[in-house]
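Student:
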């Protein structure tokens, strides 16, 4: 069980990229230090849920997203240098603590390869067409 003191300021989160979503009368807010805060306005209560274990892997700056669908609240992480997408669903069964269940763990590298190849070819063309700058 986490406390509000665990949700303190952290350098990685000093920007305005925090995510939030509202689902079934509760507000879910992505907080600092790897927590999601679930606020129930009707009862005036809150609950801290740790973000999924392994979210972002060993990446120094993973990108996190919080969202919802008809099935519930989801947490996604994108590790850009590995072309990896991971998506978890928040299981809020009534008889246990909320827990993240991994629903998707995909390597997007093969999908992005044609785009990367195009970008690399364009970069080579620009270099070949650039006028030579004389050295002094």
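Numbering (our numbering), first residue to last: 200 to 335.
Think of the CB as a built atom: it goes at the ideal place given N, C-alpha and C, for glycine as much as any other residue.
Being a predicted model, the structure only gives us computed values, none of them experimental.
State yes or no: is the beta carbon of residue 278 nearer than 8 Å to at least one beta carbon in chain C?
Tutor: Looking for chain C here will not work: only one protein chain is present.
Student: Got a sec, what are the start and stop residues for the beta strand (DSSP E) residue 183 sits in?
Tutor: The shown model of the chain, from 200 to 335, leaves out residue 183, and the question about it has no answer.
Student: DSSP beta-bridge partners for residue 298?
Tutor: 290
Student: Would you check if the distance between the CB atom of residue 300 and the CB atom of residue 287 is smaller than 8 Å?
Tutor: yes
Student: Starting from residue 231, follow the beta strand (DSSP E) in both directions and report where the run begins and ends.
Tutor: Bounds of any beta strand (DSSP E) do not take in residue 231, whose DSSP letter is neither H nor E.
Student: Buried or exposed for residue 227, going by 16 or more other Cβ atoms inside 10 Å?
Tutor: Here residue 227 is buried: its Cβ has 16 or more other Cβ atoms, across all protein chains shown, within 10 Å.
Student: Could you tell me if residue 262 is buried or exposed, where buried requires 16 or more neighbouring beta carbons within 10 angstroms of its beta carbon?
Tutor: Around the CB of residue 262, fewer than 16 other CB atoms lie within 10 Å, so the residue is classed as exposed.
Student: Assuming residue 249 is part of the beta strand (DSSP E), what are its boundary residues?
Tutor: Unbroken beta strand (DSSP E) run through residue 249: 244 to 249.
Student: On the CB-based measure, 16 or more other CB atoms within 10 Å of its CB, does residue 233 come out buried or exposed?
Tutor: buried
Student: For residue 230, is the classification buried or exposed, using 16 other Cβ atoms within 10 angstroms of its Cβ as the cut-off for buried?
Tutor: buried
Student: For a quick check, are the C-beta atoms of residue 282 and residue 266 less than 8 Å apart?
Tutor: no
Student: Since residue 285 sits in a beta bridge, which residues does DSSP pair it with?
Tutor: 276 and 304
Student: Residue 272: which of 250, 324 and 312 sits nearest, CA to CA?
Tutor: Ranking 250, 324 and 312 by Cα distance to residue 272 puts 250 first.
Student: For residue 324, which of helix, strand or coil comes out of DSSP?
Tutor: helix
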